[in-house]
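**Q** Numbering (the numbering used here), first residue to last: 57 to 294.
Using N, Cα and C, we set each Cβ at its ideal position, and we do this for glycine too.
A quick note: this is a predicted structure, and the numbers were derived from the prediction, not measured.
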């Protein structure tokens, strides 16, 4: 796979050499032209699609569509890849998105993972097992193609997904609302004022809950009062 020039506005020459529409319903046709790699970290500003192929009888579980690196196949599942990404985001990841979605009165179903301009959204329910994910970043427009939708990215790179335009449009709108809420949240933290304290009480409560979950996961016993005291001590030093 020939690498393109190192410019964020250019795409790997692979996407020009293998032009056309990429149909995610036929992954077996994509496997032979993909480059094998077991990277577990994706570049969320360049990865536009994660295709779950766990159901196929092959060694790979995921196809990664990346603007800069081309088409990559890996043994890692989409769940493993997204879990690694979510861990990197830490406290600003899924816990924050869940809280903001609740505040906005949005459905908790198929929530995106947001980091700056990148918004990765699940095509299916990722809670049990794996699913495919697509990125809102670099998405120029979408087209209705019957029961499928064409995601047309800058490049151009066209990816056909097994979802109606109505479903995709609704998901994009929800992701946009949450992205604005995330930006607002970080702005309040970065530029405090008298009516908006540096650290919100809700942030402390969320971190306390997150800490409690981590301790339980690793079988570490701690009294709720101890967790609460340590959380207050931590925020008091910010």
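Between the segment 158 to 178 and the segment 75 to 91, are three or more C-beta pairs nearer than 8 Å?
**A** As far as the Cβ criterion goes, the segment 158 to 178 does not touch the segment 75 to 91, which means the pair count is below three.
**Q** So residue 130 is in the beta strand (DSSP E); what residue range does that whole segment cover?
**A** Here residue 130 refers to the residue found at position 74 when the chain shown is read from its first residue. Where residue 130 is concerned, the enclosing beta strand (DSSP E) stretches over 126 to 130.
**Q** When the Cα atoms are used, what is the spatial distance from residue 107 to residue 114?
**A** What you label residue 107 is simply residue 51 of the chain shown in a count that begins at 1. What you label residue 114 is simply residue 58 of the chain shown in a count that begins at 1. Taking the straight line joining both Cα atoms gives about 14 Å.
**Q** Please return the same chain residues whose Cβ sits closer than 6 Å to the Cβ of residue 236, not counting the five positions on each side in sequence.
**A** Walking along the chain shown from the start, residue 236 turns up at place 180. Cβ neighbours of residue 236 beyond the five flanking positions: none.
**Q** In or out: residue 188 buried (at least 16 other Cβ within 10 Å) or exposed?
**A** Residue mapping note: residue 188 aligns to position 132 of the chain shown, counting from 1. Residue 188 is buried by the Cβ-count criterion.
**Q** Give every residue of the same chain whose Cβ lies closer than 7 Å to the Cβ of residue 112, excluding the five residues on either side of it in the sequence, and list them in chain order.
**A** Stepping through the chain shown from its first residue, residue 112 is reached at position 56. For residue 112, where only same-chain residues beyond five positions count, the Cβ hits under 7 Å are 83 and 84.
**Q** Quick one, are the C-beta atoms of residue 154 and residue 164 less than 9 Å apart?
**A** Start at 1 with the first residue of the chain shown, and residue 154 comes out as number 98. Start at 1 with the first residue of the chain shown, and residue 164 comes out as number 108. It is a contact, given that the beta carbons lie within the stated cut-off.
**Q** Considering only their Cβ atoms, is the gap separating residue 110 from residue 130 smaller than 9 Å?
**A** Here the question's residue 130 lines up with position 74 in the chain shown. Here the question's residue 110 lines up with position 54 in the chain shown. No, the Cβ-Cβ distance between residue 130 and residue 110 is not below 9 Å.
**Q** Do residue 176 and residue 170 have their CB atoms nearer than 9 Å?
**A** The residue you call residue 176 lines up with position 120 of the chain shown. The residue you call residue 170 lines up with position 114 of the chain shown. In contact: residue 176 and residue 170 (Cβ atoms closer than 9 Å).
**Q** Go through its chain and collect everything with a Cβ distance to residue 205's Cβ below 6 Å, but skip five positions before and after it.
**A** What you label residue 205 is simply residue 149 of the chain shown in a count that begins at 1. Around residue 205: 198, 217, 219, 221 and 224.
**Q** If we ignore side chains and look at the alpha-carbon of each, how far apart do residue 123 and residue 215 end up?
**A** For the purposes of this step, residue 123 is taken as the residue at position 67 of the chain shown. For the purposes of this step, residue 215 is taken as the residue at position 159 of the chain shown. In this structure, the CA atom of residue 123 is about 12 Å from the CA atom of residue 215.
**Q** By how many angstroms is the C-alpha of residue 209 removed from the C-alpha of residue 91?
**A** Numbered from 1 along the chain shown, position 35 holds the residue referred to as residue 91. Numbered from 1 along the chain shown, position 153 holds the residue referred to as residue 209. In a straight line, the C-alpha of residue 91 is about 21 Å away from that of residue 209.
**Q** Using 8 Å for Cβ pairs, my map puts residue 104 next to residue 121. What's the rounded Cβ distance?
**A** Within the chain shown, residue 104 is the residue found at index 48, counting from 1. Within the chain shown, residue 121 is the residue found at index 65, counting from 1. The pair is a contact, with the Cβ atoms about 5 Å apart (cut-off 8 Å).
**Q** State buried or exposed for residue 11, treating a residue as buried only when at least 16 other CB atoms are found within 10 Å of its CB.
**A** Not covered by the structure: residue 11. The range shown for the chain is 57 to 294.
**Q** What separation, rounded to the nearest whole angstrom, lies between the Cα atoms of residue 195 and residue 116?
**A** Counting from 1 along the chain shown, the entry for residue 195 is found at position 139. Counting from 1 along the chain shown, the entry for residue 116 is found at position 60. Distance between the alpha carbons of residue 195 and residue 116 is about 26 Å.
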